[in-house]
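Student:
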Amino acid sequence: AQSVTQLDSQVPVFEEAPVELRCNYSSSVSVYLFWYVQYPNQGLQLLLKYLSGSTLVKGINGFEAEFNKSQTSFHLRKPSVHISDTAEYFCAVSDQQAGTALIFGKGTTLSVSS
Amino acid sequence: EAQVTQNPRYLITVTGKKLTVTCSQNMNHEYMSWYRQDPGLGLRQIYYSMNVEVTDKGDVPEGYKVSRKEKRNFPLILESPSPNQTSLYFCASSLQLAADTQYFGPGTRLTVL
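Chains as they are written, first to last, in my numbering: chain A, 110 to 223; chain B, 7 to 119.
#1: Beta strand (DSSP E) containing Ile18 of chain B: first to last residue?
#2: Does the distance from the C-beta atom of Phe183 of chain A to that of Phe176 of chain A stay below 8 Å?
#3: Could you name the residues that DSSP lists as bridge partners for Tyr134 of chain A?
#4: Does the Cβ of Leu60 of chain B have 16 or more other Cβ atoms within 10 Å, making it buried, or fewer, making it exposed?
#5: At the level of alpha carbons, what is the spacing between Leu168 of chain B and Ser88 of chain B?
#6: Any idea which residues DSSP pairs Asp44 of chain B with across the strands?
#7: Using beta carbons (cut-off 8 Å, strictly below), is Gln206 of chain A in contact with chain B?
#8: Please tell me whether Gly168 of chain A has its Cβ less than 8 Å away from any Cβ of chain B.
#9: Kindly list the residues whose CB is nearer than 7 Å to the CB of Thr195 of chain A, restricted to its own chain and excluding five residues on each side of it in sequence; keep chain order.
#10: Please report whether the beta-carbon of Gly171 of chain A lies at a distance below 8 Å from any beta-carbon of chain B.
#11: So is Met38 of chain B in contact with chain A if we call contact Cβ pairs under 8 Å?
#12: How about Ser22 of chain B and Ser93 of chain B: are their beta carbons less than 8 Å apart?
#13: Taking the alpha-carbon positions, what's the Phe110 of chain B to Asn13 of chain B distance?
#14: Below 7 Å CB to CB, which residues in the same chain sit around Arg78 of chain B once its five sequence neighbours on both sides are set aside?
#15: With a cut-off of 8 Å, does the C-beta of Thr61 of chain B fall near any C-beta of chain A?
#16: For the pair the region 157–172 of chain A and the region 113–120 of chain A, tell me if three or more CB-CB distances fall below 8 Å.
#17: Mind checking which residues open and close the beta strand (DSSP E) that includes Thr114 of chain B?
#18: Since Leu84 of chain B and Leu47 of chain B are thought to touch, with beta carbons under 8 Å apart, how far apart are those beta carbons, to the nearest angstrom?
#19: At least one CB of chain A closer than 8 Å to the CB of Thr26 of chain B: is that the case?
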């Protein structure tokens with residue numbers, strides 16, 4: 110079974126500051142890793158995903174994440190945030206073999222203010 | 007336009023009154039899934055379907071039913087809703103597996119009194 114821990118429930122930052130949203134996972138099998146974003150009153154959309162290859166993954170809207178197998182982490186970063194990045198961010202994992210479920214963390218609310 | 011639609015978007019009902027939330031996708035996806043989102047708990051999978059007539063339980067299936075008679079539709083049925091099923095529900099679809107990019111519907115906010 111897999112589990113996902115998002116270490117911060119809320120992250121307040123000022124516009125143009127860098128941000129890191131932290132995610133750790135636990136799994137007895139190899140996993141794929143994802144970050145999804147939920148803007149206010151909307152469904153979720155994929156930001157980026159790690160399937161294999163380079164451990165640094167670039168996504169939409171200037172976000173990137175780094176897979177660290179030894180630390181079982183997949184932290185999300187952006188060098189300079191905008192007001193429009195205010196949203197809830199979810200880290201998720203999926204078993205590479207079964208592929209039947211996407212296990213989500215509890216979410217991190219990113220609040221960007223001017 | 008590629009999309010996942012859900013109806014209704016908002017629903018207030020009473021305990022025990024059967025209801026169905028519809029979900030439809032126009033992308034010819036094989037995999038479909040239902041999640042519920044509760045504050046502080048993130049998204050939890052209720053049921054999923056790998057293809058027509060193939061469904062299975064997720065993490066929180068109690069009190070819910072699903073069916074997949076057509077590829078595009080995946081309705082969620084609450085036969086006897088209870089207040090603890092008050093939640094925000096999302097339907098999602100992907101090409102074949104959970105690891106493929108999942109496309110989410112806009113959500114259905116359900117209140118059970």
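The beta carbon of each residue, even a glycine, is placed where N, CA and C say it ideally should be.
Tutor: In brief:
#1: Counted from its first residue, the second sequence places residue 18 of chain B at position 12. Ile18 of chain B -> beta strand (DSSP E) spans 16–19.
#2: Along the first sequence, read from residue 1 onward, the residue named residue 183 of chain A stands at position 74. Along the first sequence, read from residue 1 onward, the residue named residue 176 of chain A stands at position 67. Yes, these two residues count as a Cβ contact at 8 Å.
#3: Walking along the first sequence from the start, residue 134 of chain A turns up at place 25. According to DSSP, Tyr134 of chain A bridges with A:Val113.
#4: Walking along the second sequence from the start, residue 60 of chain B turns up at place 54. Looking at the sequence provided, one finds Val at residue 60 of chain B rather than Leu. Within 10 angstroms of the beta-carbon of Val60 of chain B lie fewer than 16 other beta-carbons, which makes it exposed.
#5: No statement about residue 168 of chain B is possible, as the shown extent of chain B runs from 7 to 119 and does not include it.
#6: By 1-based counting over the second sequence, the position of residue 44 of chain B is 38. Residue pairing by DSSP puts Asp44 of chain B in a beta bridge opposite B:Gly48.
#7: What you label residue 206 of chain A is simply residue 97 of the first sequence in a count that begins at 1. It does not; no Cβ of chain B falls within 8 Å.
#8: Counted from its first residue, the first sequence places residue 168 of chain A at position 59. No - not a single Cβ of chain B is within 8 Å of the one on Gly168 of chain A.
#9: In the first sequence, counting from the first residue as 1, residue 195 of chain A sits at position 86. Leu219, Ser220, Val221, listed in sequence order.
#10: Within the first sequence, the letter at position 62 stands for residue 171 of chain A. Nearest CB-CB separation between Gly171 of chain A and chain B: not below the 8 Å threshold.
#11: Position 32 of the second sequence, counting from 1, holds the residue named residue 38 of chain B. No - not a single Cβ of chain A is within 8 Å of the one on Met38 of chain B.
#12: The residue labelled residue 22 of chain B in the question sits at position 16 within the second sequence. The residue labelled residue 93 of chain B in the question sits at position 87 within the second sequence. In the sequence on display, residue 22 of chain B carries Gly and not Ser. Contact: no.
#13: As a working note, residue 110 of chain B is residue 104 in the second sequence. As a working note, residue 13 of chain B is residue 7 in the second sequence. When rounded, the separation of the alpha-carbon atoms in Phe110 of chain B and Asn13 of chain B is 13 Å.
#14: Counting from 1 along the second sequence, the entry for residue 78 of chain B is found at position 72. The beta carbon of Arg78 of chain B sits closer than 7 Å to the beta carbons of Ser30, Gln31, Asn32 from its chain, once the five residues preceding and following it are set aside; these are given in chain order.
#15: In the second sequence, residue 61 of chain B corresponds to position 55, counting from 1. The Cβ of Thr61 of chain B sits no closer than 8 Å to any Cβ of chain A.
#16: Look at the beta carbons and you see the region 157–172 of chain A not touching the region 113–120 of chain A: under three pairs across the two are nearer than 8 Å.
#17: On the second sequence, residue 114 of chain B is found 108 positions in, with the first residue counted as 1. Where Thr114 of chain B is concerned, the enclosing beta strand (DSSP E) stretches over 114–118.
#18: The residue you call residue 84 of chain B lines up with position 78 of the second sequence. The residue you call residue 47 of chain B lines up with position 41 of the second sequence. With a Cβ gap of about 19 Å, Leu84 of chain B and Leu47 of chain B do not count as contacting.
#19: Along the second sequence, read from residue 1 onward, the residue named residue 26 of chain B stands at position 20. So, not an interface residue.
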